[in-house]
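J.: Okay, handing you the structure first.
Numbering (my numbering), first residue to last: 8 to 166.
As structure tokens, then:
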């Protein structure tokens, strides 16, 4: 599948059309994260009826459908590194709720360039995943000097 074909599929999905077909196509792709990274980095203009958030949520939905096993999940973790795909990966990992994503999320918290918005998403993902390791990471984070918005999300995640 070319990036252009995937882009058309994503636009349909963002508009609420063709979900089952899109998820099946996504599962059949050998390296969806690479295609999503390429598309996210291009910054193509969007049609007037769509917002960037709509497209990113459609990308996250496809990534969730694609992550059917451990090796695919590990490839999705690599999408946490480049900022254009970080939000997509964080949304997908939170929805998947798999404990084997916790180490990648903890590593991301050590990134000094992590934005407050992305930190909120990491905290939310760790809260969604749960478990002792995720809770330990959240408790360790609570000892840091954090912006108010991150604190609010942290309190929610720990409750």
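From the three backbone atoms N, C-alpha and C, an ideal C-beta is built for every residue, glycine too.
Everything numeric in this text was worked out from a predicted model, so none of it was measured.
1. Would you mind working out which of 163, 107, 77 and 89 sits nearest residue 49, comparing C-alpha positions?
2. Would you report the Cα separation of residue 108 and residue 97, rounded to the nearest angstrom?
3. What does a CB cutoff of less than 7 Å around residue 157 pick up in its chain, not counting 5 residues either side in sequence?
4. Residue 88 by DSSP, collapsed to three states: which one?
5. Does the beta-carbon distance from residue 62 to residue 21 come in below 8 Å?
6. Please work out which residues of its chain come closer than 8 Å, Cβ to Cβ, to residue 103, disregarding the five sequence neighbours upstream and downstream, and give them in chain order.
7. What is the DSSP secondary structure of residue 8, reduced to helix, strand or coil?
8. Is DSSP giving residue 79 helix, strand or coil here?
9. In chain order, what residues of the same chain lie with their CB nearer than 8 Å to the CB of residue 95, ignoring the 5 residues before and after it?
10. Closer than 6 Å by C-beta to residue 84: which residues in its own chain qualify, once you throw out the five before and the five after it? Chain order, please.
11. Using the C-alpha atoms, what's the distance from residue 19 back to residue 135?
12. Is the separation between the beta-carbon of residue 144 and that of residue 101 shorter than 8 Å?
13. Report buried or exposed for residue 155, applying the criterion of at least 16 other Cβ atoms within 10 angstroms of its Cβ.
14. Consult DSSP for residue 152 and reduce its assignment to one of helix, strand or coil.
15. Pick out whichever of 106, 116, 59 and 105 has its Cα sitting closest to the Cα of residue 91.
16. With distances taken between CB atoms, is the gap from residue 161 to residue 116 smaller than 8 Å?
T.: Inspection of the coordinates gives the following:
1. Counting from 1 along the chain shown, the entry for residue 49 is found at position 42. Of the listed residues, the one whose Cα sits closest to residue 49 is 89.
2. Position 101 of the chain shown, counted from the start, is the residue given in the question as residue 108. Position 90 of the chain shown, counted from the start, is the residue given in the question as residue 97. Near 10 Å, if we compare the C-alpha coordinates of residue 97 and residue 108.
3. As a first step, residue 157 is located in the chain shown; it is residue number 150 there, counting from the start. Taken in chain order, the residues that qualify are 123, 126, 127 and 130.
4. For this step, residue 88 is matched to residue 81 along the chain shown. The answer is coil: DSSP assigns residue 88 none of H, G, I, E or B.
5. Position 55 of the chain shown, counted from the first residue, corresponds to residue 62. Position 14 of the chain shown, counted from the first residue, corresponds to residue 21. Yes, the Cβ-Cβ distance between residue 62 and residue 21 is below 8 Å.
6. Here residue 103 is taken as the residue at index 96 of the chain shown, counted from 1. 71, 74 and 80.
7. Position 1 of the chain shown, counted from the first residue, corresponds to residue 8. Coil at residue 8, not helix or strand.
8. As a position in the chain shown, residue 79 is number 72, starting the count at 1. It is helical.
9. Position 88 of the chain shown holds residue 95. The answer, listed in chain order, is 43, 47, 63, 66, 67, 70 and 86.
10. As a first step, residue 84 must be located in the chain shown, where it is residue number 77. The answer, listed in chain order, is 111.
11. As a working mapping, residue 135 is identified with position 128 in the chain shown. As a working mapping, residue 19 is identified with position 12 in the chain shown. Taking the straight line from one Cα to the other gives about 28 Å.
12. Reading the chain shown from its first residue, position 137 is the one you call residue 144. Reading the chain shown from its first residue, position 94 is the one you call residue 101. Cβ distance not < 8 Å, so residue 144 and residue 101 don't count as in contact.
13. Residue 155 sits at position 148 when you count from the first residue of the chain shown. Exposed, since its Cβ has fewer than 16 Cβ neighbours within 10 Å.
14. Counting from one through the chain shown, the residue named residue 152 turns up at place 145. Looking at residue 152 - three-state DSSP - the assignment turns out to be coil, as it is neither helix nor strand.
15. Residue numbering aside, residue 91 sits at position 84 when the chain shown is read from its first letter. Out of 106, 116, 59 and 105, 59 has the C-alpha closest to the C-alpha of residue 91.
16. On the chain shown, residue 161 is found 154 positions in, with the first residue counted as 1. On the chain shown, residue 116 is found 109 positions in, with the first residue counted as 1. Not a contact, by the Cβ cut-off of 8 Å.
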